[in-house]
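For the record, in the sequence shown the residue sitting at position 87 is 86 according to numbering that gives the first Met the number 0, with numbers rising by one throughout. Glycine is no exception: its CB is placed at the ideal position from the N, C-alpha and C atoms. Nothing here was measured: the structure is a model prediction, and the numbers come from that model. Before any comments, here is the structure.
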Amino acid sequence: MQLNRLVNFHKTLGDKTRIQIIALLRDGPLHGQAIAGKLGLTPPTISHHLTKLRDIAIVYQRREKNTIFFHLDEKKLESMAGAITRLGSEKEVDPFKVEDAEKYKVIQNFFDQAGRLKTIPAQRKKKLIILEHLASKLKVGTIYSEKEINEFIKQFHEDFATIRREFVMCQFMHRDKGLYQLNPEEMWLV
0 MQLNRLVNFH KTLGDKTRIQ IIALLRDGPL HGQAIAGKLG LTPPTISHHL
50 TKLRDIAIVY QRREKNTIFF HLDEKKLESM AGAITRLGSE KEVDPFKVED
100 AEKYKVIQNF FDQAGRLKTI PAQRKKKLII LEHLASKLKV GTIYSEKEIN
150 EFIKQFHEDF ATIRREFVMC QFMHRDKGLY QLNPEEMWLV
């Protein structure tokens, strides 16, 4: 199991200023100057703390004209904060069993009879279902080289680079120096 990301999450939140920033952003997006003013800190200090919060993916930014606003990803924060209480209670998962009728329907529509992915869904919700289905076929705790991940994905679709990138972006996998490892299910963006 890949616990480094969970440990890093809690270490990053172990700072009073970062907790104050999260509390401010809970009420809505703010730009860096506003956060600095409310906390009585310098903009470079706020920028440092926001970078740390962006690194653990609970804060993201959006540009509006010449101003960058920072937003809190509350769903991600809640998921990561609660992940520690779910550790050890993992159930055995049958990757071919899909109980949710909607997920089953999406999988049936996007995979052919041979089990190959026809197309990568454009709609985010469907894409996450497909990625979850593929990720469930990987082994927890195994460290894969980039070549091994590419070969795994090629079994299902020729665009291995896109799917590999989506695995990382959607928190299914952690990438470090060309090595890939499946994240705990609690961290997946499903």
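Go ahead and pull the three-state DSSP assignment for residue i.
| i | result |
| --- | --- |
| Ser144 | strand |
| Phe171 | coil |
| Thr41 | coil |
| Val6 | helix |
| His48 | helix |
| Glu73 | helix |
| Glu157 | coil |
| Arg62 | strand |
| Ile55 | coil |
| Leu130 | helix |
| Leu23 | helix |
| Leu116 | strand |
| Gln180 | strand |
| Leu12 | helix |
Report the CB separation of residue i from residue j in whole angstroms; it is logged as a contact under 8 Å.
| i | j | result |
| --- | --- | --- |
| Ile119 | Thr84 | The Cβ separation is near 34 Å, so there is no contact. |
| Ile45 | Ile34 | 5 Å |
| Phe166 | Leu130 | 6 Å |
| Leu76 | Thr11 | So it is not a contact: roughly 11 Å between Cβ atoms. |
| Lys136 | Val105 | No, Lys136 and Val105 are not in contact; Cβ-Cβ is about 16 Å, not under 8 Å. |
Where does residue i land, buried or exposed, given buried means 16+ other C-beta within 10 angstroms?
| i | result |
| --- | --- |
| Asp63 | Looking at the sequence itself, residue 63 is Glu, so the reference to Asp does not match. With fewer than 16 Cβ atoms within 10 Å of its Cβ, Glu63 is classed as exposed. |
| Gln112 | exposed |
| Met168 | exposed |
| Arg123 | exposed |
| Asn220 | Residue 220 is absent from the structure shown; the chain starts at 0 and stops at 189. |
| Ile128 | buried |
| Arg17 | buried |
| Gln170 | buried |
Going straight from the alpha carbon of residue i to that of residue j, what length do you get?
| i | j | result |
| --- | --- | --- |
| Glu185 | Arg25 | 22 Å |
| Asn7 | Leu40 | 24 Å |
| Glu101 | Leu133 | 16 Å |
| Phe151 | Pro42 | 45 Å |
| Gly177 | Leu188 | 22 Å |
| Arg174 | Gln180 | 7 Å |
| Ile67 | His47 | 15 Å |
| Glu73 | Ile148 | 31 Å |
| Gly31 | Phe110 | 45 Å |
| Pro28 | Gly13 | 22 Å |
| Phe95 | Arg164 | Note on Phe95: pLDDT 39, under 50, position unreliable in the model; no value is reported. |
| Leu5 | Asp158 | 30 Å |
| Ala121 | Met79 | 26 Å |
| Gln107 | His9 | 39 Å |
| Gly140 | His70 | 32 Å |
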